[in-house]
Structure formats: C-alpha cells, structure tokens
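Data block below; observations after.
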Amino acid sequence: DTKGEKNKIALINGYPDGTFKPEKNITNAEVIKMLVVLKKDDLTADMVKESSWPASWINWASQEGIIGKEAGVEIKDFGAAASRQDAFLMLYNALVDAKAPEKTEAVKLDEVKEAKKVLKNFVDGLKLENFEIEGVKKPENEKAIADFKALIEKAKELLKKDDKAISKEELEIIKEMPTYKIGDKKHKGDFAKAGRKILVDFEVLGDKSVKSDHSGKTYTKLDDKGIIKIKSSLKGASKAGQNPERYIKLNYVSEDDYNKIKNTDLVTGATPKYDKKEVPAENYEVRPTADGYEIEIKKLPEGAKIVKPIVYVKLGDMAFLENGTLVYVK
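In terms of our numbering, the sequence shown opens at residue 513 and continues consecutively.
This is the structure we're talking about:
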C-alpha cells in the first residue's frame, strides 16, 4: 500500500551506502530508524532526504520517547549490534506508548458536584404530566416528546455516575443540559432546545394577506378593532401575570427595529431575530372562546410594526413549552 511503500523508502533512504544489509546484525541506529518511521506521524519524505545519518534519527527517537534516560534505554554505541533487551525496550516505548489511552483531563470534584446539583434540581422540577394535557399531546409532538424524555434518561445516567468517574467531557454535557441564570443572562441548554420542538396547539386565525419583506412568508394583519382570534385546544390559559402555569404573552416589534433587519432570507423563509419588547399586561385582555382564545389590544405601543402573541405552558423552573406567530399591525 502507499503507506507501506513510503515507509519502505524512508527506511532505505539515508543509509551511508543506500542499502539495507539484512545479513548483518541489526544496529541500534537501524532499530531506532525503523521505530521513528513507525511512530513519528509528521515524518515526511523531505525530512528523510534532508536527514543526517544517524544523528537526525537519534534526535527524533529521543523526542518521541523511544530512547533516553526516562525511556529506560541509554545507547552509548549506535553503530553496535542491538541487544535483545534494548531492542525490546525501544519497541515497547514505540508501540505501547502509542496505543496508551488518552489521558482524561482531571476535573475538580466540587465543580462536578455543583453542576450535578443544578442539573438534578432542573430535572426533578420538570412537570412531565404536562406532556399529556390537551393542546400538547398531539401526533405532531410525539417524536419531540420522546426525544425530550430520552434526554431526561441521559441526564439521570450521568447523575447516577460516581463524581470521581465523571470525565471533563461528561462535565461539559452536564453543564450544557439545564437552563439556569448566569448573572442577568439565562443559559438555555439542551433541554430548552429539545423543548422548543414541542409546540403547543396555537393558530392565529384571519386573512393572511401581509407578506413579510424579510422572509417572504404571509401573515395575518391586525384588524381595526385590535382583536386577535386564536384557535387552540389548550384550556385554562390567561394573560401574562395571572396564571404562571399557562398564559399568553404579547410581544411587539417597533418599526425602527423592523427596519434594522437588512439580511433577508426569501429562499428558506426563515424568520429573522427581531428585537422584541413586551406589551404591558394592562394594555391587552385575553378571553377564552369556544375554539381557543381572543386577545383584545386596548393600547398599542407607539410605533409598533408587529405584535406576537405567544402561549406558554410551564414545564419546570425556567422551562416552558410554547408557540406563537407574528401579526402585522401595518
């Protein structure tokens, strides 16, 4: 094969007379050269051609830990026949060390304990019964719910593992799973990403006649009375601030913030990340209807271009299932 041919050339090239003499006892330098070719991953044909025999190979062997005081092989005469003991030691240094498992970076136990505590509190606080309520339990959510539950099982396995056995990589996974606050900001981890795929039943009704400049999608226009009609099988939701378990919040995008978006994606239809603000709860009302809800906006924020009603179902501390869509004001 190519690698074998390369190594063969590398072995032969560099001897004083350009030949390999198998009839003679193998010298220490020859053993070293073969093992350097075997172990040194960055060895190139140019390096071999420019090498000095045997000085370059001795130097490389020392760098690779094949020979040296710490390696247990101190050669005084590199031109002498290699003893069986030295040859085996050099072979051991080249092969066994190369196959040794990578050392796992040590982690601090107190860091593991704290990360596990945060994850355990998050998992223990999840209200999994909310996966069964009307408006959440629907065929479209089956796979996403199954994936979320699989993530819970993965978290439980890591929590059961002895603290001392947790690797650096596993610690990072533990830290990445829950949602928690870092100062004033919120870290949304793997559970938040999985939860976003579980959509609460929520559809804004009306004539979708407004085409977005940014995504090419069509949206409903707010009627002159400021009424938004929503079709949803979820029961018991109210406006923000009244029922922390199930509620509907109203956000808005100002015309200035809307116009700041310059990058459009008319191919995939991706909705850009607008800078949204919350409409004060006293400025709107949420009423249940026969097939969902009705939002009456009593006072629109000045300069509002878009409003976005969002329904939330609380799944745990800083964990929600949600859904929402844009409604154009103008």
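All C-beta atoms, glycine included, are put in the ideal place defined by N, C-alpha and C.
query	result
As a quick exercise: from G828, A658, F600, G577, pick the residue whose alpha carbon is nearest that of K639.	G828
F643 lies in the alpha helix (DSSP H); which residues open and close that run?	No alpha helix (DSSP H) contains F643, which DSSP labels as neither H nor E.
If you follow the beta strand (DSSP E) that A627 is part of, which residue opens it and which one closes it?	From DSSP, A627 is part of no beta strand (DSSP E) but of the alpha helix (DSSP H) over 621 to 636.
Keeping to the same chain, check which residues put their C-beta closer than 7 Å to that of W569; ignore five residues upstream and five downstream.	A541, I544, K545, V548, S563
Helix, strand or coil for K785 per DSSP?	coil
Just tell me which of Y770, K709, E665, K628 has its CA closest to the CA of G815.	Y770
Give the single residue among P651, A583, I645, D674 whose Cα lies nearest to the Cα of K625.	D674
The beta strand (DSSP E) that contains F703, what's its start and end?	Careful: F703 lies outside any beta strand (DSSP E), inside the alpha helix (DSSP H) at 702 to 707.
Would you kindly check if the distance between the Cβ of V630 and the Cβ of P690 is under 7 Å?	yes
Could you give the distance in angstroms between the alpha-carbon of K676 and the alpha-carbon of V635?	21 Å
Does DSSP put P800 in a helix, in a strand, or in coil?	strand
Pop quiz: V712 and L746 are said to be a contact at Cβ under 8 Å. What is the actual Cβ separation, rounded to whole angstroms?	6 Å
Hey, could you find the ends of the alpha helix (DSSP H) E814 is sitting in?	Neither: E814 is in no alpha helix (DSSP H) and is coded neither H nor E.
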